[in-house]
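Novice: After the structure tokens below, expect a handful of questions from me.
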Amino acid sequence: MPGILQTRLQQGFRTMSWPDAPLPPLPDRFRGLPSLGDADCPENCGACLGACPTGALHLEDGRAALDTGRCLFCGACATACGAARITFTAEHRLAAASREALVVRPGDTGLPSRRVELARKLFSRSLKLREVSAGGCNACEADTNVLGTLAWDLGRFGISFVASPRHADGLLVTGPVPENMRLALLKTWEAIPAPKICIALGACAISGGPFAGHAEVHDGAGGLIPVDLFIPGCPPHPLTILDGLLALIGRIE
Amino acid sequence: MRFERPHRDGADLWEDHPGTCGVADYFRIAGEEIHEVAVGPVHAGIIEPGHFRFQCHGETVYHLEISLGYQHRGIERALIGGPSARTLHFMETAAGDTTIGHTLAYCQALEAARGIEVPARGRVLRGVALELERMANHIGDLGALAGDVGFLPTQSFCGRIRGDVLNLTARLCGNRFGRGFVRPGGCTFDSEPGRTREIVRALEQVVVDATGAVNLLWQSSSVLERFEETGPVSAETAARIGMVGPAARASGLDQDVRRDYPAGIYIDAPIPVALGATGDVFARARVRWDEIRNSAEWILARLAELPAGAVCAPGPVPSWPADVLTVSLTEGWRGRICHAAVTGADGRFAAYKMVDPSFFNWFGLAQALRDQEISDFPLCNKSFNLSYCGHDL
Chain A
-6 MPGILQTRLQ QGFRTMSWPD APLPPLPDRF RGLPSLGDAD CPENCGACLG ACPTGALHLE
54 DGRAALDTGR CLFCGACATA CGAARITFTA EHRLAAASRE ALVVRPGDTG LPSRRVELAR
114 KLFSRSLKLR EVSAGGCNAC EADTNVLGTL AWDLGRFGIS FVASPRHADG LLVTGPVPEN
174 MRLALLKTWE AIPAPKICIA LGACAISGGP FAGHAEVHDG AGGLIPVDLF IPGCPPHPLT
234 ILDGLLALIG RIE
Chain H
1391 MRFERPHRDG ADLWEDHPGT CGVADYFRIA GEEIHEVAVG PVHAGIIEPG HFRFQCHGET
1451 VYHLEISLGY QHRGIERALI GGPSARTLHF METAAGDTTI GHTLAYCQAL EAARGIEVPA
1511 RGRVLRGVAL ELERMANHIG DLGALAGDVG FLPTQSFCGR IRGDVLNLTA RLCGNRFGRG
1571 FVRPGGCTFD SEPGRTREIV RALEQVVVDA TGAVNLLWQS SSVLERFEET GPVSAETAAR
1631 IGMVGPAARA SGLDQDVRRD YPAGIYIDAP IPVALGATGD VFARARVRWD EIRNSAEWIL
1691 ARLAELPAGA VCAPGPVPSW PADVLTVSLT EGWRGRICHA AVTGADGRFA AYKMVDPSFF
1751 NWFGLAQALR DQEISDFPLC NKSFNLSYCG HDL
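From first to last, the protein sequence lines stand for chains A and H. Heads up: the first sequence begins at -6 in the working numbering, then just goes up one per residue. Heads up: the second sequence begins at 1391 in the working numbering, then just goes up one per residue.
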């Protein structure tokens, strides 16, 4: 017992003060929200399109646009772009309430809307989520789990993960949803009493990620379940996940 | 254990059962007092899916059968005809918590096939990333083991310390799991002197914090009472089912790819092999703790004498040569990772096989549960902490 107390003192108080205090520092090489320069792309370039492993980039009026819902944040496009038009900023806030809002266009400023009225109205002070990993590689899962540790202390916001879907207000899905998990995912969703919400976490759950188009997967949760909040990343940083959850319940804008 | 249903027509080993995942002829014990407990595929925590069947008599588990395949994403099938822009991402997500391990196995295979030499600095940084991955996962699992026996101090501390280690990987490459760090020929990021100093300082603090947190386990008789003699796997069983990694070493099998088949930095800078004897939860926890300390010491020694030069071999991304068979081994944090690539006349993959350590060790978990109580399952499971997606691919 004295050993436990002594260790407790040595470990110190480690729960971060955010969102009441400034953000904890992100690593300087962190690849957050992409930014596309406002200048025109060189004609017939398309170097970024060829470099992207998931087809996250497409051309709109001859200029590249980037779908963060498909993006693995690998930075291959930024390396391939001879005109240095693509940069990955330190912006960790990536979540959006609609699939279309995940597309970043040249000169975009500001964040997409994360307003989910139902969640703000019903779950602002208490949100119980059932997580289902459907083909998740354990990275999204690990960085969701980390929110439960004392450094992040998700419980202080009234958000927690529960074991039974009957106790849940919503579903958080990770992974591209393999055919082999389709039934289990749908049964879990059906077991959650309405009104309920669904969150798709990570590139796989939003679009299939690196497995998009595989016959074995359903390219994410969206084709099977109505999704209310999309949190991009591969995997999203815990701060990105927490930001999305807090915006969902209206704790932050 | 069953495998996923086939995705093409033709005969398969399990033809006599319907093709739904988890629907199988399970090994069953008959008798009035026997009961069967089915768990999953969706589990109670934030973890991957799999199905477990326990054959119980009273509290005693006579047999556990593990049915996987829910995580099948078609990686090996999609690799055929490659390499493509997605190939490295398949390696990084084969088992997401083993990003460095699997990507390293792939890159080493390509480098061996092409005769590419990774610069010394790149070799060291790859080793540092691999050992950081090992440390992060082992620390997290020791915390989770503490949680499974209701010992909350170590659980709380280790959960946080694990994050500190992941942040060191992010300091190196911007991603907590090492995504985008290991690439054919070397690494994508260098560690400047200032960054190296910072990582060293942070790692020294991690060692202090982890030592305090984990030593509580060995000092608490209630923890030891739950760890010791729980879920034993004998050396003989471990050898017969081909167990690998810390779980095999905990049973006394003296094997470690880093020593037995060294590649990269491990040729010049060997790392001690941690061994256990009893093969129980205690031994698996203890081996992991020894490995955490060995890895930390090794990383600090490597960073103290980081060779100068480039981190990546010059030139464009190398292509695969035609008509080769390459086998590559790496000691990931769960154990031996084996990749085998076969290319055709066009230099494209005719076949690619990746074997995650979980492939062997799931059988070990099933063996560990025999004659145990069902309430020991979480504890045994966490002492292995195997990958579902690494098995299902």
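Glycine included, each C-beta is placed from N, C-alpha and C at the ideal position. Please read all numbers here as calculations on a predicted model, not as lab measurements.
1. Measuring CA to CA, which of A:110, A:86, A:72, A:159 is closest to residue 122 (chain A)?
2. Using the C-alpha atoms, what's the distance from residue 1647 (chain H) back to residue 1720 (chain H)?
3. Can you give me the C-alpha to C-alpha distance between residue 1470 (chain H) and residue 1508 (chain H), rounded to a whole angstrom?
4. With H, G and I counted as helix, E and B as strand and the rest as coil, what does DSSP make of residue 137 (chain A)?
5. Find the residues of chain A that neighbour residue 1483 (chain H), judging by a C-beta separation of less than 7 Å, and give them in chain order.
6. For residue 1773 (chain H) and residue 1621 (chain H), which I take to be in contact (beta-carbon distance under 8 Å), what is that distance rounded to the nearest angstrom?
7. When you compare only the Cα positions, how much space is there between residue 1392 (chain H) and residue 1414 (chain H)?
8. Do three or more CB pairs link the stretch 1576 to 1590 of chain H to the stretch 166 to 177 of chain A at distances below 8 Å?
9. Can you tell me which of the three DSSP states residue 93 (chain A) falls into?
10. Within 10 angstroms of the Cβ of residue 1481 (chain H), are there 16 or more other Cβ atoms? Answer buried if so, exposed if not.
11. What does a CB cutoff of less than 8 Å around residue 1588 (chain H) pick up in its chain, not counting 5 residues either side in sequence?
12. Please go through the same chain and pick out, in chain order, the residues whose beta-carbon is closer than 7 Å to the beta-carbon of residue 1726 (chain H), but skip the five residues on each side of it.
13. Establish whether the CB of residue 1611 (chain H) and some CB of chain A are separated by less than 8 Å.
14. Which residues does DSSP list as the beta-bridge partners of residue 1615 (chain H)?
15. Would you mind working out which of A:142, A:132, A:13, A:185 sits nearest residue 196 (chain A), comparing C-alpha positions?
16. Verify the CB distance criterion: does residue 22 (chain A) have a CB-CB separation below 8 Å to chain H?
17. Could you round the C-beta distance between residue 1459 (chain H) and residue 1442 (chain H) to whole angstroms and report it? I think they count as a contact, below 8 Å.
18. State the DSSP-derived secondary structure class of residue 189 (chain A), mapped to helix, strand or coil.
19. Between residue 253 (chain A) and residue 185 (chain A), how many whole angstroms is the CB-CB distance? I'm expecting something under 8 Å.
20. Could you check where the alpha helix (DSSP H) with residue 1490 (chain H) kicks off and where it finishes?
21. At a CB-CB cut-off below 8 Å, which residues of chain A make contact with residue 1557 (chain H)?
22. Can you pull out the residues from the stretch 54 to 79 of chain A whose beta carbon lies closer than 8 Å to at least one beta carbon of chain H?
23. Kindly list, in the order they appear in chain A, the residues whose Cβ is closer than 7 Å to that of residue 1462 (chain H).
24. Out of H:1650, H:1423, H:1569, H:1689, which one is the CA nearest neighbour of residue 1494 (chain H)?
25. Which runs of the alpha helix (DSSP H) spanning at least 4 residues fall entirely within the stretch 179 to 234 of chain A, listed in chain order?
26. Say whether the stretch 61 to 79 of chain A touches the stretch 221 to 236 of chain A, bearing in mind that this needs 3 or more beta-carbon pairs closer than 8 Å, one atom from each stretch.
27. Quick one: what does DSSP say residue 1408 (chain H) is sitting in, helix, strand or coil?
28. Out of H:1593, H:1651, H:1732, H:1618, point me to the one whose CA is closest to residue 1673 (chain H)'s CA.
29. If you pair each beta-carbon of the stretch 84 to 94 of chain A with each one of the stretch 106 to 115 of chain A, do three or more pairs fall below 8 Å?
30. Any C-beta of chain H within less than 9 Å: which residues of the stretch 119 to 148 of chain A qualify?
31. Measuring CB to CB, does residue 273 (chain A) end up less than 8 Å from residue 8 (chain A)?
32. So, with DSSP's three-state summary, where would you put residue 1764 (chain H)?
33. Starting from residue 267 (chain A) and walking both ways along the beta strand (DSSP E), at which residues does that stretch end?
34. May I ask you to list the residues that DSSP assigns as paired with residue 1428 (chain H)?
35. May I have the straight-line CA-CA distance separating residue 1448 (chain H) from residue 222 (chain A), to the nearest angstrom?
36. Given that a residue counts as buried once 16 or more other Cβ atoms are within 10 Å of its Cβ, and exposed if not, what is residue 57 (chain A)?
Specialist: Taking the coordinates as given:
1. Here residue 122 (chain A) refers to the residue found at position 129 of the first sequence. Taking only the C-alpha atoms, the option nearest residue 122 (chain A) is A:159.
2. Locating residue 1720 (chain H) in the second sequence gives position 330, counting from the first residue. Locating residue 1647 (chain H) in the second sequence gives position 257, counting from the first residue. Going from the Cα of residue 1720 (chain H) to the Cα of residue 1647 (chain H) covers about 6 Å.
3. Counted from its first residue, the second sequence places residue 1470 (chain H) at position 80. Counted from its first residue, the second sequence places residue 1508 (chain H) at position 118. C-alpha separation (whole angstroms): 26 Å.
4. Reading the first sequence from its first residue, position 144 is the one you call residue 137 (chain A). Note: residue 137 (chain A) maps to helix in three-state DSSP.
5. By 1-based counting over the second sequence, the position of residue 1483 (chain H) is 93. Simply 130, 203.
6. The count along the second sequence starts at 1 and reaches residue 1773 (chain H) at position 383. The count along the second sequence starts at 1 and reaches residue 1621 (chain H) at position 231. Their Cβ separation, rounded to whole angstroms, is 6 Å, which keeps residue 1773 (chain H) and residue 1621 (chain H) in contact under 8 Å.
7. What you label residue 1392 (chain H) is simply residue 2 of the second sequence in a count that begins at 1. What you label residue 1414 (chain H) is simply residue 24 of the second sequence in a count that begins at 1. With a pLDDT of 42 at residue 1392 (chain H), under the threshold of 50, the modelled position of that residue is not reliable, and no figure is offered here.
8. no
9. Residue numbering aside, residue 93 (chain A) sits at position 100 when the first sequence is read from its first letter. Residue 93 (chain A): helix per DSSP, three-state reduction.
10. On the second sequence, residue 1481 (chain H) is found 91 positions in, with the first residue counted as 1. Buried, by the Cβ-count rule.
11. In the second sequence, counting from the first residue as 1, residue 1588 (chain H) sits at position 198. If we look at residue 1588 (chain H) and ignore the five residues flanking it on each side, its Cβ neighbours are 1561.
12. Position 336 of the second sequence, counted from the first residue, corresponds to residue 1726 (chain H). If we look at residue 1726 (chain H) and ignore the five residues flanking it on each side, its Cβ neighbours are 1634, 1635, 1647, 1719, 1747.
13. As a position in the second sequence, residue 1611 (chain H) is number 221, starting the count at 1. Not an interface residue.
14. Here residue 1615 (chain H) refers to the residue found at position 225 of the second sequence. DSSP lists no partner for residue 1615 (chain H).
15. Your numbering for residue 196 (chain A) matches position 203 in the first sequence. Residue A:132 is the option with its Cα nearest to residue 196 (chain A).
16. Taking the first residue of the first sequence as position 1, residue 22 (chain A) is located at position 29. Taking Cβ atoms only, chain H reaches closer than 8 Å to residue 22 (chain A), which makes this a yes.
17. Within the second sequence, the letter at position 69 stands for residue 1459 (chain H). Within the second sequence, the letter at position 52 stands for residue 1442 (chain H). With 8 Å as the limit, residue 1459 (chain H) and residue 1442 (chain H) do not qualify as a contact, their Cβ atoms being about 13 Å apart.
18. Here residue 189 (chain A) refers to the residue found at position 196 when the first sequence is read from its first residue. Coil.
19. Residue 253 (chain A) lies beyond the residue range present for chain A, which begins at -6 and ends at 246; the question has no answer from this structure.
20. Taking the second sequence and counting its residues from 1, one reaches residue 1490 (chain H) at position 100. Per DSSP, the continuous alpha helix (DSSP H) segment holding residue 1490 (chain H) begins and ends at 1489 to 1504.
21. As a first step, residue 1557 (chain H) is located in the second sequence; it is residue number 167 there, counting from the start. Here the neighbours are 20.
22. 65, 66, 67, 68, 69
23. Within the second sequence, residue 1462 (chain H) is the residue found at index 72, counting from 1. Those within 7 Å of residue 1462 (chain H) in chain A are 171, 173, 209.
24. Position 104 of the second sequence, counting from 1, holds the residue named residue 1494 (chain H). Of H:1650, H:1423, H:1569, H:1689, the residue nearest in Cα terms is H:1569.
25. Whole alpha helix (DSSP H) segments, 4+ residues: 195 to 200.
26. A contact between stretches requires three or more CB pairs, one per stretch, nearer than 8 Å, and the stretch 61 to 79 of chain A meets this requirement with the stretch 221 to 236 of chain A.
27. Residue 1408 (chain H) sits at position 18 when you count from the first residue of the second sequence. Its pLDDT being 49, under 50, residue 1408 (chain H) is placed unreliably by the model, and nothing is read from it.
28. For the purposes of this step, residue 1673 (chain H) is taken as residue 283 along the second sequence, with counting starting at 1. Considering only alpha carbons, the answer is H:1618.
29. yes
30. 123, 124, 125, 126, 127, 128, 129, 130, 131, 132, 133, 134, 135, 136, 137, 138, 139, 141, 142, 143, 144, 145
31. No statement about residue 273 (chain A) is possible, as the shown extent of chain A runs from -6 to 246 and does not include it.
32. Within the second sequence, residue 1764 (chain H) is the residue found at index 374, counting from 1. In this structure, residue 1764 (chain H) counts as helix in the three-state DSSP scheme.
33. No answer is possible for residue 267 (chain A): it lies beyond the span of chain A, which begins at -6 and ends at 246.
34. The residue labelled residue 1428 (chain H) in the question sits at position 38 within the second sequence. H:1443, per the DSSP bridge assignment.
35. Against the second sequence, residue 1448 (chain H) aligns to sequence position 58. Against the first sequence, residue 222 (chain A) aligns to sequence position 229. Taking the straight line from one Cα to the other gives about 45 Å.
36. By 1-based counting over the first sequence, the position of residue 57 (chain A) is 64. So residue 57 (chain A) ends up on the buried side.
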